[in-house]
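A.B. asks:
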Amino acid sequence: MDDAAELCRLNSAPGMTQAEFAEGLKGELAGGARFVALTRDTVIGTATVTLLGGGRWGIDGVWVKPLYRHQGLGRSLCAAILDHVKTRKGEAVTLSVNRRAWAALALYREMGFHVVESSGDESTMEKRL
Ligand SMILES: CC(C)(COP(=O)(O)OP(=O)(O)OC[C@H]1O[C@@H](n2cnc3c(N)ncnc32)[C@H](O)[C@@H]1OP(=O)(O)O)[C@@H](O)C(=O)NCCC(=O)NCCS
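Note that numbering that gives the first Met the number 0 has the sequence shown beginning at 0, numbered continuously upward.
(1) Residues in the same chain with beta-carbon distance under 8 angstroms from residue 105, minus the five sequence neighbours each way, listed in chain order, please.
(2) Between residue 53 and residue 39, what straight-line distance do the alpha-carbon atoms span, to the nearest angstrom?
(3) Name the DSSP bridge partner or partners of residue 50?
(4) How far does the beta strand (DSSP E) with residue 90 in it extend, from its first residue to its last?
(5) Let me check understanding here. Comparing Cα to Cα, which of 78, 86, 66, 71 lies closest to residue 58?
(6) Would you tell me roughly how many angstroms separate the C-alpha atoms of residue 98 and residue 109, rounded to the nearest one?
(7) Note down the Cα distance separating residue 7 from residue 34, rounded to an integer number of angstroms.
(8) Give a yes or no on whether the C-beta atoms belonging to residue 80 and residue 102 are separated by under 9 angstroms.
(9) Let me know the secondary structure DSSP gives residue 100 once reduced to three states.
(10) Out of 91, 128, 95, which one is the CA nearest neighbour of residue 117?
(11) Does the Cβ of residue 73 lie closer than 8 angstroms to at least one heavy atom of ligand 1?
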C-alpha cells in the first residue's frame, strides 16, 4: 500500500455496518483518496476518488473480491467515498461504467447516481451532492 492511500481497514468479517467501516483507520491524501477494505491482511475491496476540479470528484476502481460480493462491501466503499467528498464540500461525483456491468450499475443507481451520457459501451453517471 503506498503512502498516498487512505485506508479503511476492516478487521472483522465483511458485513460490518457503514458506521463501523467509517471508524476504520484513515490517512489523508491531498486531492483524493483510495479506500481499501481488508480482512486480516488480504485486500477484498477497493475504491478510489480523485478531485477533478470545480467541485467535481471522480470515482474509479470500485472492485470487490468475488467471494465477498453481495455483502454490502461495495455499498460501504461508495458510502465512504461520498462521505469523503461531502466533508470536503464537493458538489458532484462522476464515474464511468460499462453498460453491461449490471451489478455496478445497480449499485450506483441505488447510491443515487444517474446516467448523464452514454457512448458505445460506456455510460457516465453522476450524483449531485
Ligand atoms: C459492483 C461491485 C463492486 C458490487 O460490490 P458488492 O460488494 O457485491 O455490492 P453490495 O453487496 O454492496 O451491493 C449493494 C447494492 O448494489 C446492487 N447490486 C450489487 N450486486 C448486484 C447484483 N449482482 N445484481 C443486482 N444488484 C446488485 C444491489 O442494489 C445491492 O443492494 P442489495 O444487496 O440490498 O440488493 C462488484 O460486483 C464488483 O467488484 N464487480 C466487478 C468490478 C466492477 O464492475 N466494478 C465497477 C467498475 S465501474
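Glycine residues also receive a C-beta, built at the ideal position from the N, C-alpha and C atoms.
C.D. replies: In short:
(1) none
(2) 38 angstroms
(3) 56
(4) Note, residue 90: premise wrong, no beta strand (DSSP E); not H, not E.
(5) 78
(6) 16 angstroms
(7) Only weak support exists for where residue 7 lies, its pLDDT of 39 falling under 50; the value from the coordinates is given anyway. Roughly 6 angstroms separates the two Cα atoms.
(8) no
(9) coil
(10) 95
(11) yes
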